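Student:
There are 2 protein chains.
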Amino acid sequence: MTVQEALKQLTELEKTRHAYEHAIGLIYCDAVTAAPEDSGRGRGETLGTLSGLSYEVFANPQVGGLLAFLREHSGELTPLQNRQVEMLNREYERISKVPQAEYVQYAQLLNEADTVWHRAKRDNDFPSFAPCLKQIVETQRRFAGYFDPARDPYDVSLDEYERGLDQAQLDRFFSALREKLAPLVHRIQAEGAPVDDSFLHQEFPIAQQRALSDYLMELMTIDRSHCSIGETEHPFTTNFNKYDVRITTKYHLDDMTNSLFSVVHEGGHALYELHTGDELMNTCLAGGATMGIHESQSRLFENMIGRSEAFVERIFPKLLELFPEQLKGVTPRQFYRAINKCEPSLIRIEADELTYPLHIMVRYDIEKLLFAGEISIDELPRIWAEKMKEYLGVEVPDDRRGVLQDSHWSGGSLGYFPSYAIGSAYAAQIVDAMSRDLDVPALVREGNLAPIVEWLTQRIYQYGKAKDPDELLRIATGKSFDPTYYTDYLTRKYSAIYNLK
Amino acid sequence: MTVQEALKQLTELEKTRHAYEHAIGLIYCDAVTAAPEDSGRGRGETLGTLSGLSYEVFANPQVGGLLAFLREHSGELTPLQNRQVEMLNREYERISKVPQAEYVQYAQLLNEADTVWHRAKRDNDFPSFAPCLKQIVETQRRFAGYFDPARDPYDVSLDEYERGLDQAQLDRFFSALREKLAPLVHRIQAEGAPVDDSFLHQEFPIAQQRALSDYLMELMTIDRSHCSIGETEHPFTTNFNKYDVRITTKYHLDDMTNSLFSVVHEGGHALYELHTGDELMNTCLAGGATMGIHESQSRLFENMIGRSEAFVERIFPKLLELFPEQLKGVTPRQFYRAINKCEPSLIRIEADELTYPLHIMVRYDIEKLLFAGEISIDELPRIWAEKMKEYLGVEVPDDRRGVLQDSHWSGGSLGYFPSYAIGSAYAAQIVDAMSRDLDVPALVREGNLAPIVEWLTQRIYQYGKAKDPDELLRIATGKSFDPTYYTDYLTRKYSAIYNLK
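Line by line, the protein sequences give chains A and B.
Residue numbers for the first sequence follow this note's numbering, beginning at 1 and rising by one.
Residue numbers for the second sequence follow this note's numbering, beginning at 502 and rising by one.
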């Protein structure tokens, strides 16, 4: 076999894998946007079959041989080809360790779990979801054992979403956050100037909220011919290639800021995907680098831009046009303070920026306990309530607003949550660096977000998975990860909002 | 190999084929409902790859051998298994005659054609679509030559949608229609009592039209947990299995009857799929028998039920509730006459029931000419206009409202249109038989459509593809196909509406 022949086989392999991923990804996306509610069984059978076929294509000795051959000839490959081989090999090492039957069974389990979780959440019925979740946790722990039997299984899961991340680092990160943020929250509660957000709790017609989504996507320079918006229970972004990106949102009649920030958040994910390099298409290097880096981009737009005073000033005329009655007499400053009101609450995705990481800590603690086998699934509602009380001081009235609120666990994404907090911290560091080159608030106030997107494209977006998080942070900021930017940013922002001395 | 082993292989084959069909079907469905507009390229690559993989699974000598083995042992199979083998063999005979590269290329062509047609229709730009259509017609003619070189290629295409149908029969059918219906249309124009439908041309808010769709689906007893509704340019129904059915509609702000009858039409298709036998699932016998039989069910609900006076009486209170201003002072009788106004017009899907078959004849004539190679693609707009003038007496102002109006040709469905007219004729014959068992107007007036659905389930729906059209008609009506029921029905209905002597 020549290197040329091997590369041709590699392209063919990537093409086939991509086609299966596209089909499977669309089936999942459709399941939570357009599919009839009770259509999970047939979908599960199809997902099982396609997952099995996709597994067969990849997890077989020919692929192992091909990858070994290409690694031996790395000197004849371009850096991008070497990266591609390295990433595929990493995945091959993992996937080929999972028996095919278990792999297929797990795909079916996740499809079923999605339906079960949706119903359980609607009916506030945790026990109906518990057996599913139990199987998911057991499978993930077993898979972690296949991947790297010497390592702590939760570390294996964390590494899957954020290369290099482990519990030791996260323990340090979260304890740094706690040290800085807990006193800040207490000072706000004790001496902060009150924030009135009562005008946010009115009726906001869905048709107008849909028009607001269109406006926001345009403001963010999102190319609608390559990015559509759908509606779902738990908003997400997905893409099948860089020219076919989907964001989703959920409209709440009594709270238009929910969808507003959902669209800006998912829009940040979408911008990343839309601007990855063309040369990465149809390879395993297409798409965002890691979950942490992806979340840094969504949270950069949602919080550092979307919840800034400049952004509020920009969009306020549009808000007044769409909701003239509801916002009568409200000033941009009042609106800005209202959307940043610090108030410990029950729902993660509705939490303010400051208490948000505390919601993540609850989930992180629970995932650690689950992976360590120190608690049983049945205890989750109780432990959830205890942790929420401890970190946020709130009482959990039901599981719908407690342990059942997120889709991540039913989707098998254990180990994902920490990347939200890590992502926010990355974002603060990136915005600090961006601010040396650009007058970010001025651009936002002008409604000129293109230079911001371009800055991010040059330093982050274009590389897709071709670089690891630490390298991307170094390119963008000149430094390794440093959570101080995040705690400083939050302290500065919230001290100003609450007039803290 | 034992028969048991062969049957196990058959099940495995059907499962894999079904998974590919599910994925490919969803990709097409998503393309015209939720996908961003300019996402065709990546979708085309995936469809190409999946079509190739699906082709490899089916069109290979092992499958040929398996089917031959099972045919030799037909005495040991159940009637359903024999039918399954027979249908698969029929398809195997066809598909294995098409070279894989051409099969894949055609799937990609159709995906591209869909995007090109959408744009061409929007921009009223037939020349931009012509090269695509030319390739589609050429491919279909070439494929027909592979399938059955001795036969007229258009007959081969017709037979694909309606087993047994050919041009000789259709020529007779359409000439019978022309003989009865042309004088009827002329009499209406000359001496019919005028029909006022001006109140239908007002503004009908989309939100209310969406609520009407929900009401209609409930009235039709459509199980929403297994059937969702989406929005698209050219409404269609699709299903991935009997528990996952999708209908679509398009809302026109200035005409609520457009979506109303679209929902009832697609709802008819959906009822059929939802009530096919469970034992047919995951086999090639699942789903409607033929396009003609499928259209008979959609048109039975759209026209014989939906455009009946009883149906109008049933839904009128709901219409008044949703559109009180627009329908102020309108009586159910006036509404009934308005939705049945006979008026030769440009758009097939907006045509009244009586002039509708004339639209089909235009397309049938053109398809015959195209397959015979007697006209070129570039001449289509001119010939379309001439035929519309001849059959309907209308002038075609532009291609958007002419040759570009339908999605069928861009979807490769040449030979499909006649099944709409045949379906209407089947429907009239079926309703005649149903009326011997049930008081259809009384049930409709009561809003009790369940007995009608049950009657159809027993005689048509449950059999899926297990029986051919003629056998289904015999079961349902006791007779072979006879178009007289259709012409009699139209004559009776329209004479009454227009007070013809």
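Every residue, glycine too, gets a C-beta built ideally from N, C-alpha and C.
The structure presented is a predicted model; accordingly, all values stated were derived computationally and were not measured.
Check whether chain A comes within 9 Å of F741/B, counting only Cβ atoms and requiring the distance to be less than that.
Tutor: Yes, contact with chain A.
Student: If we count the other Cβ atoms within 10 Å of its Cβ and call it buried at 16 or more, is S175/A buried or exposed?
Tutor: So S175/A ends up on the exposed side.
Student: Looking at chain A, is there any beta carbon in it that lies within less than 9 Å of the beta carbon of S726/B?
Tutor: Judged by the 9 Å Cβ criterion, S726/B is in contact with chain A.
Student: Applying a beta-carbon distance threshold of less than 8 Å, which residues of chain B neighbour G415/A?
Tutor: None at all; the shortest Cβ gap to chain B is about 28 Å.
Student: Would you check if the distance between the CB atom of G646/B and the CB atom of S597/B is smaller than 9 Å?
Tutor: Taking 9 Å as the Cβ cut-off, G646/B and S597/B do not qualify as a contacting pair.
Student: So which residues of chain B does I27/A contact, with C-beta pairs closer than 8 Å?
Tutor: What I27/A touches in chain B: H523, A524 and L527.
Student: Quick test of the definition: if touching needs 3 or more C-beta pairs under 8 Å, does the region 181-198 of chain A touch the region 309-327 of chain A?
Tutor: No: fewer than three Cβ pairs fall under 8 Å.
Student: Within 9 Å (strictly less), CB to CB, does L551/B reach chain A?
Tutor: It does: the Cβ of L551/B has a partner Cβ on chain A nearer than 9 Å.
Student: Is there at least one Cβ from chain A nearer than 9 Å to H860/B's Cβ?
Tutor: Not one chain A Cβ lies under 9 Å of H860/B.
Student: Pull up the distance between the alpha-carbon of D214/A and that of V330/A, whole angstroms please.
Tutor: Those two C-alpha atoms are separated by around 23 Å.
Student: Which one of L473/A, E56/A, A442/A and N258/A has the shortest CA to CA distance from Y103/A?
Tutor: Considering only alpha carbons, the answer is E56/A.
Student: Tell me, please, whether the CB atom of H18/A is closer than 9 Å to any CB atom in chain B?
Tutor: Closer than 9 Å: yes.
Student: Quick one: which chain B residues come within Cβ less than 9 Å of Y106/A?
Tutor: Within chain B, no residue comes near Y106/A; the closest Cβ sits about 17 Å away, beyond 9 Å.
Student: With burial defined as no fewer than 16 other Cβ atoms inside 10 Å of the residue's Cβ, what is the status of L754/B: buried or exposed?
Tutor: Looking at its Cβ environment, which holds fewer than 16 other Cβ atoms inside 10 Å, L754/B is exposed.
Student: At what residues does the alpha helix (DSSP H) containing G412/A begin and finish?
Tutor: Neither: G412/A is in no alpha helix (DSSP H) and is coded neither H nor E.
Student: Name the residues in the region 703-725 of chain B whose C-beta lies less than 7 Å from a C-beta of chain A; which are they?
Tutor: Of all residues in the region 703-725 of chain B, A708 and R725 have a Cβ within less than 7 Å of some Cβ in chain A.
Student: Answer yes or no: does any C-beta atom of chain A fall closer than 9 Å to that of L571/B?
Tutor: False, the Cβ-Cβ gap to chain A never drops below 9 Å.
Student: Taking C-beta to C-beta, are T139/A and Y161/A nearer than 9 Å?
Tutor: Taking 9 Å as the Cβ cut-off, T139/A and Y161/A do not qualify as a contacting pair.
Student: Tell me which residues share the same chain as C132/A and place their Cβ nearer than 6 Å to its Cβ, disregarding the 5 neighbours each side in the sequence.
Tutor: For C132/A, where only same-chain residues beyond five positions count, the Cβ hits under 6 Å are A113 and V116.
Student: Starting from I848/B, follow the alpha helix (DSSP H) in both directions and report where the run begins and ends.
Tutor: Note, I848/B: premise wrong, no alpha helix (DSSP H); not H, not E.
Student: Comparing C-alpha positions only, which one of G903/B, R711/B and I723/B sits nearest to H770/B?
Tutor: Here the closest residue by C-alpha is I723/B.
Student: Is it buried or exposed, R572/B, if we count other Cβ atoms within 10 angstroms and call 16 or more buried?
Tutor: Exposed, by the Cβ-count rule.
Student: Since G913/B and I525/B should fall inside the 8 Å C-beta cutoff, what is the C-beta to C-beta distance between them, to a whole number of angstroms?
Tutor: Contact doesn't hold; Cβ gap of about 13 Å is too wide.
Student: Quick one: what's got a C-beta closer than 7 Å to G998/B's C-beta in the same chain, skipping five residues either side?
Tutor: First, the residue type needs correcting, since residue 998/B is Ile and not Gly in the sequence shown. Cβ neighbours of I998/B beyond the five flanking positions: R838 and N841.
Student: Any idea what DSSP makes of S376/A, helix, strand or coil?
Tutor: DSSP places S376/A in coil when its eight states are reduced to three.
Student: Would you mind giving the Cβ-Cβ distance between H766/B and F802/B, rounded to the nearest angstrom? I have them listed as a contact below 8 Å.
Tutor: Indeed, because the Cβ distance is near 7 Å, the residues count as touching under 8 Å.
Student: Given 8 Å as the limit, is there contact between the region 521-537 of chain B and the region 789-808 of chain B, that is, 3 or more CB pairs closer than that?
Tutor: Contact fails: fewer than three Cβ-Cβ distances are below 8 Å.
Student: Which residue spans inside the region 634-693 of chain B form an unbroken alpha helix (DSSP H) run of at least 4?
Tutor: DSSP runs (the alpha helix (DSSP H)) wholly in the region 634-693 of chain B: 654-662 and 668-692.
Student: Please classify S552/B as buried or exposed, where buried requires at least 16 neighbouring CB atoms within 10 angstroms.
Tutor: Counting Cβ neighbours within 10 Å, S552/B comes out buried, since at least 16 surround it.
Student: If you reduce the DSSP assignment to three classes, tell me which class F737/B lands in.
Tutor: It is coil, neither helix nor strand.
Student: Which parts of the region 929-974 of chain B are runs of the alpha helix (DSSP H), unbroken and 4 residues or longer, counting only runs that do not cross its ends?
Tutor: Qualifying alpha helix (DSSP H) stretches, in chain order: 941-947 and 951-960.
Student: Identify which residue in A790/B, R901/B, M935/B and T988/B has its Cα closest to the Cα of Q963/B.
Tutor: If we check each option's Cα against that of Q963/B, A790/B comes out closest.
Student: Flag this pair as yes or no: are the beta carbons of L508/B and Q563/B separated by less than 9 Å?
Tutor: The answer is no: Cβ separation not under 9 Å.
Student: Report, in whole angstroms, the separation of the C-beta atoms of E367/A and L414/A, which I expect to be a contact under 8 Å.
Tutor: Indeed they touch by this definition, with Cβ atoms about 6 Å apart.
Student: Identify each residue in the region 875-902 of chain B for which the Cβ-Cβ distance to at least one residue of chain A is less than 8 Å, and report them in chain order.
Tutor: Answer in chain order: no residues at all.
Student: On the premise that F58/A lies in contact with Y92/A, defined as a C-beta separation below 8 Å, what is that separation, rounded to the nearest angstrom?
Tutor: Y92/A to F58/A, Cβ: 7 Å. Contact.
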